[in-house]
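**Student:**
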Amino acid sequence: MISSLDSLNERQREATVNTEGPCMIIAGAGAGKTKVLTARIAYLIQEKKVDPFKILALTFTNKAANEMKNRIEQVVGSIAKNVWLGTFHSCFARILRIEADRIGYPSNFSIYDTADSKSLLKSIIKEMNLDDKTYTPNVVLSRISSAKNRLITAQEYFNNPLYREDDESAMKPRLGEIFVTYAKRCFQAGAMDFDDILLNTYLLFNQHLDVLYKYQERFQYMLIDEFQDTNLAQYTIIKDLAVVHNNICVVGDDAQSIYAFRGANIRNILNFEKDYPNLVIVKLEQNYRSTQNIVEAANEIIGKNQLQLKKNVWTANERGELIGLIRATTDAEEGRLVAASIFEIKVQNQLRNEDFAVLYRTNSQSRAIEEALRKVNLPYRMLGGMSFYQRKEVKDLLAYLRFIVNHNDEEALKRIINEPKRGIGPSNIEKMILVASDHGISLWEVMCNAKNFLSGRAAEAVEEFAGMIQVIALEVSKKDAYEIASEIAKRSGLLKSLYEDKTVEGLARYENVQELLSGIKAFTSNPEQADPGLTNFLQDIALATNSEITDEDGGDKISLMTIHAAKGLEFKYVYIVGIEEDLFPSPLMLGSKEDLEEERRLFYVALTRAKKKIFLSYTISRYRFGKLKQCEVSRFIGEIDPMYLHMSHATNRYTEKLNTNYAKQFINSMRPMASPKRAKLQPDPSTNIQAFQASDITQLKSGMQVEHPTFGIGNVITIELAGAHKKARINFSGLGEKTLLLSFAKLKILSSSKE
DNA sequence: GTAGTTTAGCTTTTT
DNA sequence: GCTAAACTAC
């Protein structure tokens, strides 16, 4: 018999073996949802002898997909690889690649990420001569995105007077036009954005019934993870696919629906029964993860919501410890207190770093925590945030690769045409775009014949660039992804220009590119890799966001991440930081009761990550947008019965000192002194700018006297490394303090001062 | 016209 | 705190 069935309780077993017909598993937090899902797939393969190729299992994140794949493999062996298991986006993209020609796309279509989409929208808005303040890319994209998630195409949107009225009353009457242009440009570029992957899959199935039949036939069994987070597009596609075999199993927890902002519709799970009257519902209500205190406090929070399915989450675990409250004065102190608490608990209980996690509402909160952990030498790992693949230099190299594969990829071309600088500036690009639209040919074709349209140096630069791309594009079928990537990195001059940049940030960028290259190497040299080609690599990378590369250094580390990223994970000790009214709930989510309920579900998700103990921390002041702001305790803390809470010792030491006005006083004392009146920046006539020779600024230290060609003579106050930049605060005589970015500043060192 | 600097402005969460 | 746009100098 299957070993995995043995470790299941009665309900879990029921959810596992009930394979025929529609089934909904409502799984409370920590109830063994992943366990059931994997057991179910293993059961299908081993017991029911179902061909793995005929099983489709969809998740939301790559992380969840990978974990599930590994667990199934442990039970059924390498045959597990044949299961169609992946994120909605990656599975549908796979189908779209196969069937691309049916909807007029090339099978090697590019995938635009959010940055690409916004950039394209920006240029469209500019070309249409619209005010970029009423039509901000953010607003336009979210409108387009939500339309696509509701299966509304650009044309339908444009033709429907209802949407136009909506947009007109929002003072954005031309949104429909922008949408249509955007869709056209994406199509011409052979590119899909994230939402297109869903929308086009839907259109493919609806316009080509033979294709739909093929996949309906193929997917004999379907499993959907995190069903509460599906949007209309996802739900409709699943439903269409399930028509023939009707073996659809959805797993979810309405209490953990936290993606409405991206179109998720909690009603998909609340109303699922209406679409499938003979639905079997299994509720997994026993929590195996957390202590009684945690389960009860979390239940109390989620009980405040109206929109939810009835269930009774309970646990047989010990009562456990109370929720610790940590109160700090600033975000930096919050970091210190959290780090100190982790250190103390770790030493006292002989725990590992990986038993701890720090969760926050926004990625920007990570900085203070990181600094504090670094100071006490606690190793940590950050998930999400500004991911590796979003770094400029990484995106640049990937854009080169994308463009080599797809010469129509407009956004990729925009990135690389003058990066590194090769003398093809905005006005020349403008010219070529004009020529292209006049002749009805693509920008790429213009570039290949630049001599006919441009003059002199610019034409040469363009042709050289185009020639380089052509040469390498010819090799795509002969060489693997790594060979192509390292060749283009060298020949484009990208590596060289980064190598020559000797600043701290230049060095980091160079290393990032090298890291990307070795990542590609790992991809091509993986023995299980059937297709090491560039096209395949790009398809893989486009939808793989962050986790992969960070997971490689799998040492024993504390986890730092947003609450969203923590869904599905568990830790012994969980610190939820920044429980403040202007942060969590997010002020942007207080528009409606439903929004607030989503924030409350988010809080619920955070609380239920913990096995042993939760710490909630807040501070009375916090740096935001570079300024110190006063904060209030979040309403969510007030929603927890005080019987579950206690103030931590560390906090009391600080709270003793606090009086009622302390926060205000503190902020006032921290407020930087009013900057001196800006003097008009006239170059000092005594400085001969022509002869000005900058010194090597890596030598620069605080206390030195320096000369700037424009600002004159000043004293270096501090040199600080702020993120990717190195900055110097310099007090110039007569001008006051100025902060200069050292990577650009031209400074002459006059004295090496008191060293 | 292009490259080099400085400043303004904006940040929820993710595929 | 970081990026893109605006500005300035070549």
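Anchor point for the first sequence: position 611 equals 610 in numbering that gives the first Met the number 0, and the numbering is continuous, going up by one each time.
Each residue gets a CB set at the ideal place from its N, CA and C atoms; glycine is no exception.
Being a predicted model, the structure only gives us computed values, none of them experimental.
In terms of residues, what are the limits of the beta strand (DSSP E) holding Y220?
**Tutor:** Per DSSP, Y220 belongs to the beta strand (DSSP E) from Y220 to I223.
**Student:** Once you ignore the five residues that flank A767 on each side, which residues in its own chain have a CB closer than 7 angstroms to its CB?
**Tutor:** Residue 767 is absent from the model: the chain starts at 0 and stops at 754.
**Student:** Can you give the beta carbon distance from Y359 to T561, rounded, assuming they're within the 8 angstroms contact cut?
**Tutor:** Right, their Cβ atoms sit about 6 angstroms apart.
**Student:** Find out if the Cβ-Cβ distance for the pair N304, E596 is shorter than 8 angstroms.
**Tutor:** Yes, the Cβ-Cβ distance between N304 and E596 is below 8 angstroms.
**Student:** If F614 and Y574 are in contact, beta carbons under 8 angstroms, what's the gap, nearest whole angstrom?
**Tutor:** Yes, they are in contact, since the Cβ atoms of F614 and Y574 sit about 5 angstroms apart, within 8 angstroms.
**Student:** Consult DSSP for Y201 and reduce its assignment to one of helix, strand or coil.
**Tutor:** Correct three-state label for Y201: helix.
**Student:** Considering only C-alpha positions, which residue in the set G262, R39, L208 and N525 is nearest to D5?
**Tutor:** If we check each option's Cα against that of D5, R39 comes out closest.
**Student:** Using a Cβ distance threshold of 8 angstroms, determine whether the segment 146-161 contacts the segment 91-100, with at least three qualifying pairs required.
**Tutor:** Verdict: no, contact absent.
**Student:** Taking the beta carbon of M127 as the centre, do at least 16 other beta carbons fall within 10 Å, making it buried, or is it exposed?
**Tutor:** Counting Cβ neighbours within 10 Å, M127 comes out exposed, since fewer than 16 surround it.
**Student:** Using DSSP with H/G/I as helix, E/B as strand and the rest coil, what is E463?
**Tutor:** It is helical.
**Student:** Locate the alpha helix (DSSP H) running through C248, then write down its first and last residues.
**Tutor:** Counting along the chain, C248 falls outside any alpha helix (DSSP H), though it belongs to the beta strand (DSSP E) covering I247 to G251.
**Student:** Output the boundary residues of the beta strand (DSSP E) element that contains V576.
**Tutor:** Neither: V576 is in no beta strand (DSSP E) and is coded neither H nor E.
**Student:** Could you work out which residue in D194, H207 and A449 is closest to A263 when comparing CA atoms only?
**Tutor:** Among D194, H207 and A449, the Cα nearest to that of A263 belongs to D194.
**Student:** Near A188, which residues of its chain fall below 6 angstroms by C-beta distance, leaving aside the five closest residues on each side in sequence?
**Tutor:** Around A188: N407, D408 and E409.
**Student:** Residue range of the alpha helix (DSSP H) that A564 falls in?
**Tutor:** Counting along the chain, the alpha helix (DSSP H) containing A564 begins and ends at I562 to A565.
**Student:** Skipping 5 residues on each side, what residues in its chain have a beta carbon closer than 7 angstroms to that of E225?
**Tutor:** The answer, listed in chain order, is T58, F59 and G251.
**Student:** In the DSSP assignment, the beta strand (DSSP E) including H645 goes from what residue to what residue?
**Tutor:** From DSSP, the beta strand (DSSP E) with H645 extends over L644 to M646.
**Student:** Suppose contacts are defined by Cβ-Cβ distances below 8 angstroms. Is K53 in contact with Y220 by that definition?
**Tutor:** Yes. Within cutoff.
**Student:** So, helix, strand or coil for R755, using DSSP?
**Tutor:** Given that the chain is displayed from residue 0 to residue 754, the structure contains no residue 755 and the question cannot be resolved.
**Student:** Along the beta strand (DSSP E) that carries W83, what are the first and last residues, could you check?
**Tutor:** That run of the beta strand (DSSP E) goes W83 to T86.
**Student:** Ordered along the chain, which non-local residues of its own chain (more than five positions away) have a Cβ less than 6 angstroms from that of N17?
**Tutor:** V279, listed in sequence order.
**Student:** Alpha carbons only, please: which of K34, G455 and F402 is nearest the one belonging to L7?
**Tutor:** The residue with the shortest Cα to Cα distance from L7 is K34.
**Student:** When the distance is taken between beta carbons, is T607 closer than 8 angstroms to S289?
**Tutor:** Yes, the Cβ-Cβ distance between S289 and T607 is below 8 angstroms.
**Student:** Since D291 and E317 should fall inside the 8 angstroms C-beta cutoff, what is the C-beta to C-beta distance between them, to a whole number of angstroms?
**Tutor:** One point to set straight first is that residue 291 is Gln, not Asp, in the sequence displayed. Yes, they are in contact, since the Cβ atoms of Q291 and E317 sit about 7 angstroms apart, within 8 angstroms.
**Student:** For L506, count the other beta carbons within 10 Å of its own beta carbon; 16 or more makes it buried, fewer makes it exposed. Which is it?
**Tutor:** When all chains shown are included, L506 counts as exposed.
**Student:** G455 by DSSP, collapsed to three states: which one?
**Tutor:** It is helical.
**Student:** At what residues does the beta strand (DSSP E) containing M23 begin and finish?
**Tutor:** From DSSP, the beta strand (DSSP E) with M23 extends over C22 to A26.
**Student:** Please report the residue range of the alpha helix (DSSP H) in which M67 lies.
**Tutor:** Counting along the chain, the alpha helix (DSSP H) containing M67 begins and ends at N61 to V75.
**Student:** Is DSSP giving Q664 helix, strand or coil here?
**Tutor:** Because Q664 sits at a pLDDT of 49, beneath the cut-off of 50, its placement in the model cannot be relied upon, and the following sentence gives the value as read from the coordinates. In the structure shown, Q664 sits in a helix (DSSP, three-state: H, G or I).
**Student:** Identify every residue that forms a DSSP beta bridge with R621.
**Tutor:** K628, per the DSSP bridge assignment.
**Student:** What's the C-alpha gap between K183 and A460?
**Tutor:** Each residue's alpha carbon lies about 30 angstroms from the other.
**Student:** Does the Cβ of V470 have 16 or more other Cβ atoms within 10 Å, making it buried, or fewer, making it exposed?
**Tutor:** Looking at its Cβ environment, which holds fewer than 16 other Cβ atoms inside 10 Å, V470 is exposed.
**Student:** Less than 6 angstroms between C-beta atoms, sequence neighbours within five positions excluded: which residues of the same chain meet that for E9?
**Tutor:** Cβ neighbours of E9 beyond the five flanking positions: none.
**Student:** In three-state DSSP terms, what is T58?
**Tutor:** Note: T58 maps to strand in three-state DSSP.
**Student:** Cβ atoms of G29 and E499: under 8 angstroms apart, would you say?
**Tutor:** No; because the gap between Cβ atoms is not below 8 angstroms, this pair is not in contact.
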